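Terminal number for the sequence shown in my numbering: 183, no gaps in between.
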Amino acid sequence: MFASNVVGTANACAGGWGNLGGGVTQILMVLVLFQPFKAAGMAPDEAWRVAMLVPAILLFLCAVAIKLLCWDTPTARRFDVAVTGKTQKPSMWDYVEVLKDPKVVLMAMQYSACFGTELAMNNVLATHFRTYF
51 MFASNVVGTA NACAGGWGNL GGGVTQILMV LVLFQPFKAA GMAPDEAWRV
101 AMLVPAILLF LCAVAIKLLC WDTPTARRFD VAVTGKTQKP SMWDYVEVLK
151 DPKVVLMAMQ YSACFGTELA MNNVLATHFR TYF
């Protein structure tokens, strides 16, 4: 997707924006979604549950849009039939072949641990700051 001389910068920028998004979400979920539902007369325990539906619906719509509009696939460009004459659906063995590479498995494990820690910190840190500061 990116040229080899800029792929590191592109990944760093994408990762940075992702981390920023976690923090901004902490603020926006309370100010933009939770408070209006609470002000509309919902109980607080009900308002936060309803507020969580908004990003879930947006995420679902984004997933559908990506599935329908993105043209790259692992085996060919979906809408550029001139590349291969027809597109190929990746098989389960294509995925298995990728997972045989220890670097892929290591990167997936590191990302899972890193992202899990980020989610835990984002969830606990707000309560910690409110309690102690």
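Quick reminder that beta carbons are idealized off the backbone N, C-alpha and C, glycines included.
These numbers come from a predicted model, not from an experiment.
| query | result |
| --- | --- |
| F84 classed as buried or exposed, judged by whether at least 16 other C-beta atoms fall within 10 angstroms | buried |
| CA-to-CA distance, G91 to A158, given in whole angstroms | 44 Å |
| Cβ pair count under 8 Å reaching 3, the segment 51-71 against the segment 86-106 | no |
| Coarse secondary structure for P152, derived from DSSP in three states | helix |
| F179 CB to nearest heavy atom of the ligand MG below 7 Å | You won't find the ligand MG in this model; it holds no ligand whatsoever. |
| Where P86 falls: helix, strand or coil (DSSP) | helix |
| Reduced DSSP category for F165 - H, G, I as helix; E, B as strand; rest coil | helix |
| Neighbourhood of M142 by C-beta, 6 Å cutoff - its chain only, sequence neighbours within 5 removed | none |
| Pairwise C-alpha distance: K117 and N172 | 29 Å |
| Buried versus exposed call for F183 [16 or more other C-beta atoms within 10 Å across all chains shown] | exposed |
| Residue from L78, V154, A101 and N55 with nearest C-alpha to F87 | A101 |
| Simplified DSSP assignment, three categories, for M92 | coil |
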